[in-house]
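Start counting the sequence shown at 763; every next residue gets the next number (the working numbering). For every residue, glycine included, the Cβ atom is placed at its ideal position computed from N, Cα and C. Quick notes on the structure that follows.
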Amino acid sequence: MTPDSPEFRVAVNDLERFMERVLHRAGAGTASAQATTRALVTASRMGTDSHGLRLLPHYIKALQGGRLNGRPDMRFTRRLPATGYLDADDGLGHLAGYTAMAHAAEMAETMGLGAVAVGNSSHFGAAGCYALAAAERGLIGMAFCNSDPFVLLHEGKTPFHGTNPIAFAAPLGGETPYLLDMATSSVPWNRVQQYGAIGRELPDQVAADVSGRVTRTPAEVAALLPLGGSDFGFKGAGLGGMVEVLSSTLSGMLNGFRLLPMGGPDMQTPRGVGHFFLAMNPGAFSERASFDACLREYLADLRAQPANDGAEVLAPGDREWRCRSRRDAEGIPLDSANQAAYASLATEFDVEPLAPLS
């Protein structure tokens, strides 16, 4: 298998080794390197490739440029019995996310609920990683984050909200959790890039050109439409605004419209991204056995519903768990662009390159 093979796949533990070493050598401390690796590999294992391994080169640039503090002194302040604030000290958002959710979970385990606002943070990858971290502790978890503008308002002409994700995870003892991780835009930005790369038209009502008019041509796209498209985009725009209030307003940060772009030329100035995390203890509301039984019954009913010809009804998370099982067995794929990027990182930081699985 050649390094530029479209079937280039790597083992999970080899990818983790590589990421941690490169992050360390780029200036990240142990906690930051481990948290970032955990989030990126979690996303790639579940098939969320847009927020997985492809982001490592960007974070390396931001560390080298000074935008990211690789060894932050994150400070948590518990303000009320079930609430707190985490100052992320311009560190990697993944460490901020896992740290904040851990604090929220600790409060939820004793108080029934725990909520943490995060300020002075940065891009944290896939929001689902942090909701999932709560579910792995037997708690319901929610995660929210604002971002720089990509998405039109309903009837708007220029981008205002970010893709402002919502993630929700509910645990089910002995089984994989219910996991919802969604943008509040009609499609994620990487879908536009993907369709452009393969010369395919976009679906209708998902993207717009510089004049705010709907376009299906990837090369013409200047913004995404909110969830619901031209007719019902007030729903997606409203959800995007809710995420904005929870993420930036509650933490005292800039709203997304005023943030520096994630991919802009300035890799020196910290961006001041905001997050919000909520953990809930099911046993604080009803008997835990009742919650587990009701969730199990709900999911069984959902999956048993009739589907269209050639289709299958899936619960949120089912597709991700299937992908995780397959990639754990067969390896995580790297496309040609990521193969080249990772080979370059290996050379730059004198790290043993990724070895393809045979």
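Extent of the continuous alpha helix (DSSP H) to which residue i belongs
i     : result
H786  : V774 to R787
D1090 : D1080 to E1092
S1098 : S1098 to E1110
G887  : Unbroken run through G887: none, as it is neither H nor E.
A959  : W951 to A959
Contact check, residue i vs residue j, beta carbons under 9 Å
i     : j     : result
A788  : Q826  : yes
G1018 : S947  : no
L1119 : A773  : yes
T1031 : A985  : no
G855  : G887  : yes
C1056 : R807  : no
A1046 : G846  : no
V954  : P933  : no
D776  : L1096 : no
T977  : C891  : no
A844  : L914  : no
V1035 : L1021 : yes
A889  : D852  : no
A866  : L1040 : yes
M869  : R840  : yes
H885  : R1033 : yes
F838  : L848  : yes
Simplified DSSP assignment, three categories, for residue i
i     : result
L1064 : helix
T804  : helix
S1048 : coil
T946  : coil
L987  : coil
G995  : helix
F1053 : helix
R840  : strand
F1019 : helix
P819  : helix
L825  : helix
N706  : Any property of residue 706 remains undetermined from this structure, which presents the chain solely from 763 to 1120.
A1077 : coil
M763  : Here the model assigns M763 a pLDDT of 38, short of 50, so the residue's position is not dependable and the matter cannot be decided.
M1024 : coil
L1116 : coil
M1029 : coil
T979  : coil
G853  : strand
T721  : Within the shown structure, residues of the chain are numbered from 763 to 1120, placing residue 721 beyond reach of any answer.
G734  : Only positions 763 to 1120 of the chain appear in this structure, which leaves residue 734 out of reach.
E963  : coil
L830  : coil
T938  : strand
Of the listed residues the options, nearest to residue i (C-alpha basis)
i     : options                      : result
D1112 : E769, E782 and N775          : E782
L1128 : Y940, R1088 and G1036        : A question about residue 1128 goes unanswered here, because the residues of the chain that appear run from 763 up to 1120.
G1151 : A805, I822 and T810          : In the structure as shown, the chain begins at 763 and stops at 1120. Residue 1151 is therefore absent and cannot be evaluated.
A824  : V949, L785, A1099 and L987   : L785
G1014 : H1037, P1027, K997 and D993  : H1037
S1128 : Q967, V983, M904 and R800    : Here the chain covers residues 763 to 1120 and nothing more, so residue 1128 does not appear.
D1080 : G809, R779 and A793          : G809
Q956  : P988, L1107, S812 and S1087  : S812
G859  : P1027, P819 and L802         : L802
A1099 : L1107, G1093 and E1092       : L1107
G881  : F780, A1073, Y1060 and S1010 : S1010
H820  : M1029, A897 and L894         : M1029
F912  : L989, E1110 and E778         : L989
V945  : A969, G961, L1001 and A959   : According to the sequence provided, residue 945 is Ala. The question's Val does not apply to it. Nearest C-alpha to A945: L1001.
R833  : D1054, G814 and T798         : T798
Residue range of the unbroken beta strand (DSSP E) whose run includes residue i
i     : result
P921  : P921 to H923
G876  : L875 to S883
L848  : T845 to D849
V1035 : V1035 to M1042
F912  : Counting along the chain, F912 falls outside any beta strand (DSSP E), and DSSP gives it neither H nor E.
L934  : I928 to L934
F770  : Taken as a continuous stretch (DSSP letters only), F770 belongs to no beta strand (DSSP E), as it is neither H nor E.
A790  : That residue, A790, is in no beta strand (DSSP E); it is neither H nor E in DSSP.
G903  : I902 to C907
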